[in-house]
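**Q** Encoded as structure tokens, here's the structure I'll be asking about.
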Amino acid sequence: MRGYEDNTAFLGEWGPFQQTVFFLLCASTIPNGFSAFSIIFLGDSPPHHCFIPDSGNLSEAWRKAIIPIEVVNGQEEESKCSRYRLDVVRNLSALGYIPGLDVNLTGVEQECCVDGWSYSKDIYQSTIVTEFDLVCNDKWKQPFTSSVYFLGVLCGSFFSGQLSDRFGRKPVLFVTMAVQTLFTFVQVFSQSWEMFSVLFFIVGLGQISNYVAAFVLGTEILTATVRVLYVTLGVCLFFAFGYMMLPLLAFFIRDWRSLLLVMSVPGLVYIPLWWFIPESPRWLLSQGRGEEAEAILRDAARRNRVTAPEVIFEESEGEEKPKPEEHHSPLDLLKTSNIRKMTLILALVWFTLSMGYFAISLNTSRLHGDPYVNCFISAAIEVPAYVISWLFLRYLPRRISASASMLLGGGALYFIQLVPPSLPSLSIALEMLGKFGMAIGTALMYAYTGELYPTVIRNTALGSCAMISRVGSILAPYIMTLSTYYKYLPYILLGSLLVLSAMAIPLLPESFGHPLPETIKQMHKQEWLKCSSLKRIRDHLNSPMKKPNDTRL
Numbered sequence: 006m007r008g009y010e011d012n013t014a015f016l017g018e019w020g021p022f023q024q025t026v027f028f029l030l031c032a033s034t035i036p037n038g039f040s041a042f043s044i045i046f047l048g049d050s051p052p053h054h055c056f057i058p059d060s061g062n063l064s065e066a067w068r069k070a071i072i073p074i075e076v077v078n079g080q081e082e083e084s085k086c087s088r089y090r091l092d093v094v095r096n097l098s099a100l101g102y103i104p105g106l107d108v109n110l111t112g113v114e115q116e117c118c119v120d121g122w123s124y125s126k127d128i129y130q131s132t133i134v135t136e137f138d139l140v141c142n143d144k145w146k147q148p149f150t151s152s153v154y155f156l157g158v159l160c161g162s163f164f165s166g167q168l169s170d171r172f173g174r175k176p177v178l179f180v181t182m183a184v185q186t187l188f189t190f191v192q193v194f195s196q197s198w199e200m201f202s203v204l205f206f207i208v209g210l211g212q213i214s215n216y217v218a219a220f221v222l223g224t225e226i227l228t229a230t231v232r233v234l235y236v237t238l239g240v241c242l243f244f245a246f247g248y249m250m251l252p253l254l255a256f257f258i259r260d261w262r263s264l265l266l267v268m269s270v271p272g273l274v275y276i277p278l279w280w281f282i283p284e285s286p287r288w289l290l291s292q293g294r295g296e297e298a299e300a301i302l303r304d305a306a307r308r309n310r311v312t313a314p315e316v317i318f319e320e321s322e323g324e325e326k327p328k329p330e331e332h333h334s335p336l337d338l339l340k341t342s343n344i345r346k347m348t349l350i351l352a353l354v355w356f357t358l359s360m361g362y363f364a365i366s367l368n369t370s371r372l373h374g375d376p377y378v379n380c381f382i383s384a385a386i387e388v389p390a391y392v393i394s395w396l397f398l399r400y401l402p403r404r405i406s407a408s409a410s411m412l413l414g415g416g417a418l419y420f421i422q423l424v425p426p427s428l429p430s431l432s433i434a435l436e437m438l439g440k441f442g443m444a445i446g447t448a449l450m451y452a453y454t455g456e457l458y459p460t461v462i463r464n465t466a467l468g469s470c471a472m473i474s475r476v477g478s479i480l481a482p483y484i485m486t487l488s489t490y491y492k493y494l495p496y497i498l499l500g501s502l503l504v505l506s507a508m509a510i511p512l513l514p515e516s517f518g519h520p521l522p523e524t525i526k527q528m529h530k531q532e533w534l535k536c537s538s539l540k541r542i543r544d545h546l547n548s549p550m551k552k553p554n555d556t557r558l
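According to the numbering used here, the sequence shown holds residues 6 to 558 in order.
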């Protein structure tokens, strides 16, 4: 059979059909921007101290002095987990003693917060931390909540790829969108941290599943330069828009239950999209369902106002039809030495990018200034990153651009340890530059990975790579806590992994200028970086506008 893109060249690249698919699939990723980072506001820990019950026997001076003062990072602050024993303080207050003058407070016995905690409401009305008292002995539940979400993302990455390759891109996309929306809504009624976490796990499962399904569906329907635009500026920018909208919503909605309720509403808007987003014709062909694929393409031709040929897919002599009963599993990603080496390298790269990206993103609450502004800046930095990634995909070989972006991210994080303490704003700028490089790398690797694997295992490959990357995201909430051992240890660790990944990427095959492979036999052979790569760049830049039937990326 001739190449899929040769057979469908009559549709053109950017007709009404492609425009509809492009924008609707991009729009489907906006709720993912909400979900992925919602824990920044849902689970933030406001200033707090032990609750002091109202008592007529406690003077104002003792009420102010009952919370011990501790030195943290060289600064004095009120203890968050202890107070002076209330019965002792009441007796001292009744006797008319003045704290600090008549009584040496260092000799007064302390106790834990037996009456609960008092939380500041300067920023939040409520979070899950204030609702379920996730502080002091239960403080470990704060980062673990994020890890539970990413554990759901990991499971979704594993199962969604296989389900999508077996049952189709479109059904998996809409079913998992419904799962994400429904369980986000159910979270509003959580009565305990355990209930919230279980539901959060399911939300994470649905979030990554519909994101990967939408990504692959658009990659297989769109062609040439439009496909590059979709996988970079399309999907990624709309995800960033959702991310940027999160701090804006959270700024006006300071209660965690109300915020979850608002976040669940957009999912209802996507129900009618079922009648506008088609199944992937590539996937239908790989399953031997050629008539259904042709029906979709003829409808696309009608919408684009072009005439479809009488026979769209002509089989060459001696060529066998695809066998729909043959299914593929993640084990196919390790089947031969070339595929195995490629999969292992991609696993390292995806793991590193995901761990670094989420560690830096979830660290915004530790930055100086307003948490809403910090989160917005962290989200906004992704917009120029995705524009740069689109330019890289359009004009540069994949290996050069991916390695360069990861070296930029790793170098920026390394330099943080050289910044003097008197310039915290410079440290923040380097941290954002590190995230900038990782955001570019993430966008490139989604596209690059999709180009390396054939249609029959593409969604399984992307799902498996995303699954491996989520192991990194599960660890991400704990990465920045390594600073308790050495202030710059998190940045040194992340920088080292980024540099190592950048050095491994040149060992991957080059996909720049190649059509998407349809079968495992068509997968690109190993190509090493050499001077001819630079010649290809020059020839590509100097080449005239591509013809409609040009299948190169």
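All C-beta atoms, glycine included, are put in the ideal place defined by N, C-alpha and C.
Being a predicted model, the structure only gives us computed values, none of them experimental.
#1: Using the C-alpha atoms, what's the distance from residue 173 back to residue 426?
#2: Cα-Cα, which of 447, 402 and 124 is closest to residue 411?
#3: Would you say the region 22-41 touches the region 210-219, given that touching needs at least three Cβ pairs under 8 Å?
#4: Per DSSP, which one or two residues make a beta bridge with residue 53?
#5: Measuring CB to CB, does residue 285 end up less than 7 Å from residue 227?
#6: Extract the residue ranges of the beta strand (DSSP E) inside the region 335-403, only unbroken runs of 3 or more that lie entirely within it.
#7: Hey, quick one: how far does the beta strand (DSSP E) through residue 89 stretch, first residue to last?
#8: How would you label residue 292, buried or exposed, when you count the other beta carbons within 10 angstroms and need 16 or more for buried?
#9: Below 7 Å between beta carbons: does that hold for residue 384 and residue 46?
#10: Would residue 479 and residue 210 qualify as a contact pair, given that the criterion is a beta-carbon distance under 7 Å?
#11: Quick check on DSSP: helix, strand or coil for residue 212?
#12: With distances taken Cα to Cα, identify the nearest neighbour of residue 76 among 58, 84 and 399.
#13: So what does DSSP say about residue 325, is it helix, strand or coil?
#14: Near residue 49, what residues of its chain come up, given a Cβ to Cβ distance below 6 Å and the 5 sequence neighbours on each side ignored?
#15: Kindly give me the distance between the Cβ atoms of residue 29 and residue 282, rounded to whole angstroms, as I take these residues to be in contact under 8 Å.
#16: What residue does the beta strand (DSSP E) around residue 292 start on, and which one ends it?
#17: Counting only runs that start and end within the region 398-445, where is the alpha helix (DSSP H) found for 4 or more residues in a row?
#18: Would you call the CB atoms of residue 433 and residue 372 closer than 7 Å?
#19: Using the C-alpha atoms, what's the distance from residue 260 back to residue 130?
#20: Taking only the alpha-carbon atoms, compute the straight-line gap between residue 89 and residue 56 and give it to the nearest angstrom.
#21: Which residue marks the beginning of the beta strand (DSSP E) containing residue 241, and which one marks its end?
#22: Quick check on DSSP: helix, strand or coil for residue 170?
#23: Grab me the residues of residue 439's own chain with a C-beta within less than 6 Å of its C-beta, minus the 5 sequence neighbours each way, in chain order.
#24: How is residue 177 classed by DSSP in three states: helix, strand or coil?
#25: Is the beta carbon of residue 196 within less than 6 Å of some heavy atom of the ligand SAM?
#26: For residue 104, does the three-state DSSP call read helix, strand or coil?
#27: With residue 115 as the anchor, note down where its beta strand (DSSP E) starts and where it stops.
#28: Look up residue 260 in the DSSP assignment and say whether it is helix, strand or coil.
#29: Counting only the same chain and skipping the five closest in sequence on each side, list residues whose C-beta sits under 8 Å from that of residue 105.
#30: Using only CA atoms, which one of 505, 486, 493 and 336 lies nearest to residue 465?
#31: Once DSSP output is grouped into helix, strand and coil, what is the label at residue 311?
#32: Kindly indicate the opening and closing residues of the alpha helix (DSSP H) around residue 515.
#33: With a cut-off of 8 Å on the beta carbons, I'd call residue 496 and residue 421 a contact; round off their distance for me.
#34: Among 239, 192, 229 and 249, which one has its Cα closest to the Cα of residue 264?
#35: Comparing alpha-carbon positions, which option in 470, 493, 515 and 312 lies nearest residue 167?
#36: Mapping the DSSP letters down to three states, classify residue 76 as helix, strand or coil.
**A** Concretely, from the data shown:
#1: Within the sequence shown, numbered from 1, the residue matching residue 426 stands at position 421. Within the sequence shown, numbered from 1, the residue matching residue 173 stands at position 168. Distance between the alpha carbons of residue 426 and residue 173 is about 54 Å.
#2: Taking the first residue of the sequence shown as position 1, residue 411 is located at position 406. Ranking the options by Cα distance to residue 411, first place goes to 447.
#3: yes
#4: Translated into the one-based positions of the sequence shown, residue 53 becomes position 48. Answer is 124, bridged to residue 53.
#5: The residue you call residue 285 lines up with position 280 of the sequence shown. The residue you call residue 227 lines up with position 222 of the sequence shown. Not closer than 7 Å, so no.
#6: none
#7: Along the sequence shown, one-based indexing puts residue 89 at 84. Residues 87-89.
#8: Taking the sequence shown and counting its residues from 1, one reaches residue 292 at position 287. Label assigned to residue 292: buried.
#9: Here residue 384 refers to the residue found at position 379 when the sequence shown is read from its first residue. Here residue 46 refers to the residue found at position 41 when the sequence shown is read from its first residue. Cβ atoms of residue 384 and residue 46: not closer than 7 Å.
#10: In the sequence shown, residue 479 corresponds to position 474, counting from 1. In the sequence shown, residue 210 corresponds to position 205, counting from 1. Contact: no.
#11: Numbered from 1 along the sequence shown, position 207 holds the residue referred to as residue 212. It is helical.
#12: Working through the sequence shown from its first residue, we reach residue 76 at position 71. For the residues 58, 84 and 399, the minimum Cα distance to residue 76 belongs to 84.
#13: Indexing the sequence shown from 1 puts residue 325 at position 320. Unreliable placement is indicated for residue 325, whose pLDDT of 49 sits below 50; the coordinate value is still reported in the next sentence. Coil, per DSSP.
#14: Here residue 49 refers to the residue found at position 44 of the sequence shown. 132 and 370.
#15: Against the sequence shown, residue 29 aligns to sequence position 24. Against the sequence shown, residue 282 aligns to sequence position 277. Right, the Cβ-Cβ distance comes to about 6 Å (below 8 Å), so this counts as a contact.
#16: Translated into positions along the sequence shown, residue 292 becomes position 287. Taken as a continuous stretch (DSSP letters only), residue 292 belongs to no beta strand (DSSP E), as it is neither H nor E.
#17: 403-420
#18: Here residue 433 refers to the residue found at position 428 when the sequence shown is read from its first residue. Here residue 372 refers to the residue found at position 367 when the sequence shown is read from its first residue. A contact, by the Cβ cut-off of 7 Å.
#19: Taking the first residue of the sequence shown as 1, we reach residue 130 at position 125. Taking the first residue of the sequence shown as 1, we reach residue 260 at position 255. Cα to Cα, the separation comes out at about 5 Å.
#20: As a working mapping, residue 89 is identified with position 84 in the sequence shown. As a working mapping, residue 56 is identified with position 51 in the sequence shown. Between residue 89 and residue 56, the C-alpha separation is close to 12 Å.
#21: As a first step, residue 241 must be located in the sequence shown, where it is residue number 236. Taken as a continuous stretch (DSSP letters only), residue 241 belongs to no beta strand (DSSP E), being part of the alpha helix (DSSP H) at 240-257.
#22: Mapped onto the sequence shown, residue 170 falls at position 165. Residue 170: helix per DSSP, three-state reduction.
#23: Numbered from its first residue, the sequence shown carries residue 439 at position 434. Closer than 6 Å at the Cβ level, and outside the excluded window around residue 439, lie 414, 417 and 418.
#24: Numbered from 1 along the sequence shown, position 172 holds the residue referred to as residue 177. Correct three-state label for residue 177: helix.
#25: In the structure on display, the ligand SAM does not appear, and there are no ligands present to speak of.
#26: Working through the sequence shown from its first residue, we reach residue 104 at position 99. Strand.
#27: Counting from one through the sequence shown, the residue named residue 115 turns up at place 110. Its beta strand (DSSP E) spans residues 115-117.
#28: In the sequence shown, counting from the first residue as 1, residue 260 sits at position 255. Three-state result, residue 260: strand.
#29: Indexing the sequence shown from 1 puts residue 105 at position 100. Closer than 8 Å at the Cβ level, and outside the excluded window around residue 105, lie 70.
#30: Working through the sequence shown from its first residue, we reach residue 465 at position 460. Among 505, 486, 493 and 336, the Cα nearest to that of residue 465 is on 336.
#31: Here residue 311 refers to the residue found at position 306 when the sequence shown is read from its first residue. Residue 311: coil per DSSP, three-state reduction.
#32: By one-based count along the sequence shown, residue 515 stands at place 510. Per DSSP, residue 515 belongs to no alpha helix (DSSP H) and is neither H nor E.
#33: Against the sequence shown, residue 496 aligns to sequence position 491. Against the sequence shown, residue 421 aligns to sequence position 416. Taking a contact as a CB-CB distance under 8 Å, the pair residue 496 and residue 421 counts as one, their CB atoms being some 5 Å apart.
#34: Here residue 264 refers to the residue found at position 259 when the sequence shown is read from its first residue. When only C-alpha atoms are compared, the closest one is 192.
#35: The sequence position of residue 167 within the sequence shown is 162, counting from 1. Nearest C-alpha to residue 167: 470.
#36: As a first step, residue 76 is located in the sequence shown; it is residue number 71 there, counting from the start. In this structure, residue 76 counts as strand in the three-state DSSP scheme.
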